[in-house]
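Student: Provided herewith is a single structure, encoded as structure tokens, for subsequent inquiry.
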Amino acid sequence: MSSTRIESTAYGAAALERLQAVVARLKADDPMTPVTLLLPNNLSGVIARRHLARTSIGGLYLATLERLAEQIAAGSLAPRRPATRPIVAATWRTALAKAPGVFAEVAEHPSTIQALAAAHNELRDLSDPALDKVAEASALGPDLIRLHRQVTTELGADWYDATDLLRAAAAAVTSATVSELGALVLYLPQELTQSEAAFVAALGNAAADLTVIVGLTDVRRADRAVRRSLERIGIDLPTSISKNYPVATEILNASDADDEVRCVVRDVVSALEQTPAHRIAVLYAAASPYARLLHEHLSAADLEVNGPGTRPVHERAIARTLLEVLALVDQDLPRADVFRALANAPTRDFAGDRIPVPQWERMSRAAGVVRGDDWDIRLARYAESERRTADQEEAADDPRPAAVRRAQYNATTAERLHAFASTLRRRLADLAVLDTWFDLSAGVLQLFHDLLGDYSSLPMEEQYAAAAVEGSLKGLSTLDELGTPASLAVLRDVLDLELQQSLPRVGTFGTGVLVAPLSASIGLSADIVYVVGLSEDLYPGRVHEDALLPHRVREAAAPELASFRDRLDEKQRHLLVAFSAGARVVASFPRGDLRRSSRRLPTRWLLGSLRELTGDHALPATQWDRYGEVLRTSASYAGSLTTATMPATEQEWQTRAAAARLWVHDGVLVRARELLRGRGSMAFTRFDGDLSGVSGLPEFAVEERIASPTSLESYATCPHAYFVERLLQVEPLEAPEDLLVISPIQVGNLIHNSLDAFVSRLAGSLPGYGEPWTEEQRALLLAIGADLGEQFEAEGLTGHPRLWQRERLRILGDLMVLLTDDDRWRASRSASVVASELRFGFDGEPPVEIPVPSGRVLLRGSADKVDLGADGTIYVTDVKTGGFSRYEGIESDPVAGGTKLQLPVYAYAARARLGEASTPVEASYWFVRRGGKRIPVPLTPEVEERYVDTLDVIVSSIAAGYFPPKAPEVPDFLWVQCPYCNPDGLGHSEVRARWDRKRHDPTLERLVRLIDPTALEASDD
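And the structure:
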């Protein structure tokens, strides 16, 4: 290489100046003399071209070594094609399927393929003796090298990779080939592989002129890989050429990563007053969390950025939709997963119409769909039920058009959902059995197009993702040539891996601030460079040993196989190069991690800069804070924000103004402050449920509006819950797939419906006074209960089939015990069964009218059972299937503070239907699953007076607009008692504390005296 020149330089602006001088020398005789620049990466090429454009770039060709090798040798490798990642991964799958060796137990796992493909990429550059050393150095070595050689051989016939390309180019280089390239300039070579070094050596031997511009940091370890690369191409660099140990000009430390990024963004905003954005670079030492933090905060400051993206394609909505839809086949379309997938992006059904995801999701809940056949059976049954409801309503004497339309709409929506789900289920099942990659990838691509339709109106990022998905799927069709068995699961894994590694670039270089990893510092030159994340645990961070190529293996194959020391040296080199890249360099590190409550130290490679700035050349890294006055320190987010010269965002300006107690003209902030003050006060405010003066609230005492005792009970339990549930009609969602056992409500419905059907069917043959139920009647009730149980099961209301079988037997047994207990009770009172489900206020039956001081209240309801004693007493029974602990308070207060209002109104209704004003009536709760215990409430004058007063308090408070949240006294442990006071399930202690304050407001005195009388008693004491 006698014609080779060596030019050493520092990195940054010095390297560009040296490059310009070299190019000027080569073009001294003719500005159009061809010159080819061989670059370490594409970004350095863009920067070099822009710098050289100040003079002339005529006849200048820029390329990376791999790109030039492709230009020279790609034609000679035809008809072989580039081995893409899916091709390599598929070949590894095939090799593992034939003879996995020690990898047998993990051969099917996607991570195994990914790790082996990565190791294969490194091993491709090794010579056969080095491969033999790798095989001998570990237990995994023999099978790893055997499989590697097998995969290389199988790929070699029809495919080529970067190593093949470089080797072929090195062999093809001749003087005639290189003459068209003109003078060659190898600019800032880094760690060259053996194949890259051989290619450069071949170029040097064939070229008339080769100039190598070597960037050095003057740190032995950091420059070791560069020197080794030069040795591989036959250049022996002197031990010391320059003394240019780079350091940062400023060092910033902040409380944590978020505070650090905020400080840097503020500094960028200030710097933009004098420095153009394209001359500012922000480099991060660790992608997590810095890449996204920087993009988010710079975007919030309305600053344009460019650089590598932070979100790979597989995180984009359009890609997630396809990947999650393909995964549905594994569990036969689980309901929740279906709608989670469809909600990612605007999707369409197979008729081309937009999918109303929220409506379909609610519909599937109502139909009880969980997965599998439920999509066909339960949706069809639900649609049929809604059609029947619409027909019945139309045939009624006084049909309600709104109810008819709603039922018809529900039926149509359910049928549309049924058609979509059935088609999707069938198409996924068809894809799962395809056995060629061509058919499978084409089928998945068609499904992708059918679901997403025209995505040209989506944001550019999503359009890029769609193009990446399409390109990846089309590329998978070539896997048939490898003989790899087609599989939907494998396609999903390969597609996911491909999309994970597809990271689109953000913006255009030269427009806005460059945000990039530290590795982008090679060839970079800027006026201001910020380097963030320079704590020891992040940079270099913990070195994780490679399971396939551990340290001892790399040492055995050295120097052909890069060692872990080489990886550390590379990181140090990138940092030192970044320190050379700008006239002003601000290095920063976080002092801690607030998420982990841990303390951090600056990276070891920042120690040189710390010593230079402090003048203490013996400063240990653990005592960096001794010189706080020399460093820039952000004590905390609040501290730096209040002292910053230039806040970066509108939010920071407002926060700073609020901290200074200045008025902030922000409607949201004003209302939030008002809310906090209102809720924190002792007064009952609109933020606590005071809607007095609001129109449209129910006025049950003066309107013809009918109420149910159950709804009024819910108001007494928690007025806020009544408002949200009854007036706003917002209810907690219950997922059918979360239902393991039949709910207590459905147990009650099953027993109630069985008892009602039983008594209705026996009309005219019910037992007389004190007579027991016959065996035939008992058998009838058992049959009715079994039939209803099957109906509940078909509707998806009974939970897991195994658990339902046990509960079903228990319910049928309870029905028999119910009759036995009823025999005993009626015998003791000489009573006969009159009716079940005594309904009032429904189906033309008049409601019960209760006069109250503010007017009258119309009530409707349905008593479960009515008996008539031989002495004329009417017995009304409300059947309960739960426990009786919440009802024991009736013994001291017949309405239990307004929370138990059913029995008196049932007694009124029975007396109006079956007796006279003087007829004695006794109403009781019957706990059929708790030993048959009964809690009676005779309808005495005292009870009637208490009931009237209670109703008046409740309906008056509702009309007045009083809806304070009354959280339970006992904290939530095993379950949530009031989902409206504890919507997130984390507890209701704050809501309870607010009630404890507000209940003393005079406005609520009458209501509190009813629903929480102990509060006023304590206040009086």
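In case it helps, the numbering used here puts the sequence shown at residues 338 to 1358.
Beta carbons: idealized from backbone N, C-alpha and C, even for Gly.
(1) Could you check whether residue 805 and residue 656 sit closer than 9 Å to each other, using their CB atoms as the reference points?
(2) Kindly provide the ranges of any beta strand (DSSP E) runs that are 3 or more residues long and lie completely inside the region 1157-1190, ordered along the chain.
(3) Excluding the 5 residues preceding and the 5 following residue 1292 in the sequence, name in chain order all residues of the same chain whose CB lies nearer than 6 Å to its CB.
(4) Taking a contact to mean a Cβ-Cβ separation below 9 Å, would you say residue 548 touches residue 520 in this structure?
(5) Tell me, to the nearest whole angstrom, how far the beta carbon of residue 859 is from that of residue 377; I am working on the premise that it is less than 8 Å.
(6) Check the DSSP bridge columns for residue 1102 and list the partner residues they point to.
(7) How is residue 590 classed by DSSP in three states: helix, strand or coil?
(8) Roughly how many angstroms lie between the CA atoms of residue 1117 and residue 1196, to the nearest whole one?
(9) Beta-carbon within less than 6 Å of residue 594's beta-carbon, same chain only, minus the 5 sequence neighbours each way: which residues are those?
(10) Given this structure, state the Cα-to-Cα distance separating residue 1255 from residue 1205, to the nearest angstrom.
(11) If you draw a straight line from the alpha carbon of residue 1339 to that of residue 1323, how long is it in whole angstroms?
(12) Apply the 10 Å Cβ neighbour rule to residue 1336 and answer buried if 16 or more other Cβ atoms are within range, or exposed otherwise.
(13) Quick one: grab the DSSP three-state call for residue 1273.
(14) Distance, Cα to Cα, residue 569 vs residue 895?
(15) Once DSSP output is grouped into helix, strand and coil, what is the label at residue 552?
(16) With residue 1290 as the anchor, note down where its alpha helix (DSSP H) starts and where it stops.
(17) Classify residue 313 as helix, strand or coil using the three-state DSSP reduction.
(18) Spatial neighbours of residue 368 within its chain, please: C-beta separation below 6 Å, excluding the five flanking residues on both sides.
(19) Using 8 Å as the Cβ pair cut-off and three pairs as the minimum, do the region 631-642 and the region 662-674 touch?
(20) With a floor of 3 residues, list each beta strand (DSSP E) that falls wholly inside the region 997-1052, ordered by position along the chain.
(21) Suppose you measure from the CA of residue 1263 to the CA of residue 1199; what does that come to, to the nearest Å?
(22) Please say whether residue 753 and residue 674 have beta carbons closer to each other than 9 Å?
(23) With three or more C-beta pairs closer than 8 Å as the rule, is the region 862-879 touching the region 458-478?
(24) Confirm, please, whether the CB-CB distance from residue 1107 to residue 1207 is below 9 Å.
(25) Check for me: the beta strand (DSSP E) holding residue 1192 runs from which residue to which?
(26) Near residue 1186, which residues of its chain fall below 7 Å by C-beta distance, leaving aside the five closest residues on each side in sequence?
(27) Please report how far the alpha carbon of residue 1243 lies from the alpha carbon of residue 1053, in whole angstroms.
(28) Alpha carbon to alpha carbon, how far is residue 908 from residue 343? Give it in angstroms, no decimals.
(29) Quick one: residues in its chain with C-beta nearer than 7 Å to the C-beta of residue 983, no 5 flanking neighbours on either side, listed in chain order?
(30) Ignoring anything shorter than 4 residues, give me the alpha helix (DSSP H) runs that lie fully in the region 890-945, in order along the chain.
(31) Just tell me which of 890, 1100, 1320 and 938 has its CA closest to the CA of residue 470.
(32) Please determine, among 379, 348, 349 and 398, the residue with the shortest C-alpha to C-alpha distance to residue 360.
(33) With burial defined as no fewer than 16 other Cβ atoms inside 10 Å of the residue's Cβ, what is the status of residue 1145: buried or exposed?
(34) From residue 1113 to residue 1119, what does the alpha carbon distance come to, in whole angstroms?
(35) On the criterion of 16 or more Cβ atoms from any shown chain inside 10 Å, does residue 339 qualify as buried, or is it exposed?
(36) Please return the same chain residues whose Cβ sits closer than 8 Å to the Cβ of residue 795, not counting the five positions on each side in sequence.
Tutor: On the basis of the supplied data:
(1) In the sequence shown, counting from the first residue as 1, residue 656 sits at position 319. In the sequence shown, counting from the first residue as 1, residue 805 sits at position 468. In contact: residue 656 and residue 805 (Cβ atoms closer than 9 Å).
(2) 1168-1177 and 1185-1189
(3) Numbered from 1 along the sequence shown, position 955 holds the residue referred to as residue 1292. These residues qualify, in order along the chain: 1037, 1038 and 1194.
(4) Residue 548 sits at position 211 when you count from the first residue of the sequence shown. Residue 520 sits at position 183 when you count from the first residue of the sequence shown. Against a cut-off of 9 Å, the Cβ pair of residue 520 and residue 548 comes out as a contact.
(5) As a position in the sequence shown, residue 859 is number 522, starting the count at 1. As a position in the sequence shown, residue 377 is number 40, starting the count at 1. Yes, residue 859 and residue 377 are in contact; Cβ-Cβ is about 5 Å, under 8 Å.
(6) Taking the sequence shown and counting its residues from 1, one reaches residue 1102 at position 765. In the DSSP output, where bridge partners are listed per residue, residue 1102 has none listed.
(7) Along the sequence shown, read from residue 1 onward, the residue named residue 590 stands at position 253. In the structure shown, residue 590 sits in a strand (DSSP, three-state: E or B).
(8) Walking along the sequence shown from the start, residue 1117 turns up at place 780. Walking along the sequence shown from the start, residue 1196 turns up at place 859. Each residue's alpha carbon lies about 34 Å from the other.
(9) To locate residue 594, count along the sequence shown from 1; it is residue 257. For residue 594, where only same-chain residues beyond five positions count, the Cβ hits under 6 Å are 626 and 927.
(10) The residue you call residue 1255 lines up with position 918 of the sequence shown. The residue you call residue 1205 lines up with position 868 of the sequence shown. Distance between the alpha carbons of residue 1255 and residue 1205 is about 15 Å.
(11) Stepping through the sequence shown from its first residue, residue 1339 is reached at position 1002. Stepping through the sequence shown from its first residue, residue 1323 is reached at position 986. Whole-angstrom Cα-Cα distance: 31 Å.
(12) Here residue 1336 is taken as the residue at index 999 of the sequence shown, counted from 1. It is buried - the Cβ of residue 1336 has at least 16 other Cβ atoms within 10 Å.
(13) If you number the sequence shown from 1, residue 1273 lands on position 936. Three-state DSSP puts residue 1273 in a strand.
(14) The sequence position of residue 569 within the sequence shown is 232, counting from 1. The sequence position of residue 895 within the sequence shown is 558, counting from 1. Cα to Cα, residue 569 sits roughly 13 Å from residue 895.
(15) Numbered from 1 along the sequence shown, position 215 holds the residue referred to as residue 552. Strand.
(16) Mapped onto the sequence shown, residue 1290 falls at position 953. From DSSP, the alpha helix (DSSP H) with residue 1290 extends over 1278-1297.
(17) With the chain running from 338 to 1358 in the structure shown, residue 313 is simply not present.
(18) Counting from one through the sequence shown, the residue named residue 368 turns up at place 31. 393 and 395, listed in sequence order.
(19) no
(20) None, since the region 997-1052 contains no complete beta strand (DSSP E) of that length.
(21) By one-based count along the sequence shown, residue 1263 stands at place 926. By one-based count along the sequence shown, residue 1199 stands at place 862. Near 15 Å, if we compare the C-alpha coordinates of residue 1199 and residue 1263.
(22) The count along the sequence shown starts at 1 and reaches residue 674 at position 337. The count along the sequence shown starts at 1 and reaches residue 753 at position 416. No. Outside cutoff.
(23) No, because fewer than three Cβ pairs between the region 458-478 and the region 862-879 fall closer than 8 Å, the two stretches do not touch.
(24) Within the sequence shown, numbered from 1, the residue matching residue 1207 stands at position 870. Within the sequence shown, numbered from 1, the residue matching residue 1107 stands at position 770. For residue 1207 and residue 1107, yes; Cβs fall inside 9 Å.
(25) For this step, residue 1192 is matched to residue 855 along the sequence shown. From DSSP, the beta strand (DSSP E) with residue 1192 extends over 1192-1196.
(26) Counting from 1 along the sequence shown, the entry for residue 1186 is found at position 849. Around residue 1186: 1193 and 1195.
(27) Position 906 of the sequence shown, counted from the start, is the residue given in the question as residue 1243. Position 716 of the sequence shown, counted from the start, is the residue given in the question as residue 1053. Distance between the alpha carbons of residue 1243 and residue 1053: 19 Å.
(28) Within the sequence shown, numbered from 1, the residue matching residue 343 stands at position 6. Within the sequence shown, numbered from 1, the residue matching residue 908 stands at position 571. Their backbone Cα atoms lie some 25 Å apart in a straight line.
(29) Working through the sequence shown from its first residue, we reach residue 983 at position 646. Apart from sequence neighbours up to five positions away, the residues of its chain that approach residue 983 with a beta-carbon distance below 7 Å are 603, 606 and 607, ordered along the chain.
(30) For the region 890-945, the continuous alpha helix (DSSP H) assignments of 4+ residues that do not extend past its boundaries occur at 901-917, in sequence order.
(31) Sequence index remark: in the sequence shown, residue 470 carries index 133 (1-based). With distances taken between Cα atoms, residue 470 lies closest to 890.
(32) Along the sequence shown, read from residue 1 onward, the residue named residue 360 stands at position 23. Closest in alpha carbon position to residue 360, among 379, 348, 349 and 398, is 398.
(33) For this step, residue 1145 is matched to residue 808 along the sequence shown. Burial call: buried.
(34) On the sequence shown, residue 1113 is found 776 positions in, with the first residue counted as 1. On the sequence shown, residue 1119 is found 782 positions in, with the first residue counted as 1. Taking the straight line joining both Cα atoms gives about 10 Å.
(35) On the sequence shown, residue 339 is found 2 positions in, with the first residue counted as 1. Per-residue confidence for residue 339 stands at a pLDDT of 48, beneath the threshold of 50, marking its modelled position as unreliable; the derived number appears in the next sentence. Its Cβ having fewer than 16 others within 10 Å, residue 339 is exposed.
(36) As a first step, residue 795 is located in the sequence shown; it is residue number 458 there, counting from the start. The answer, listed in chain order, is 655, 682, 683 and 803.
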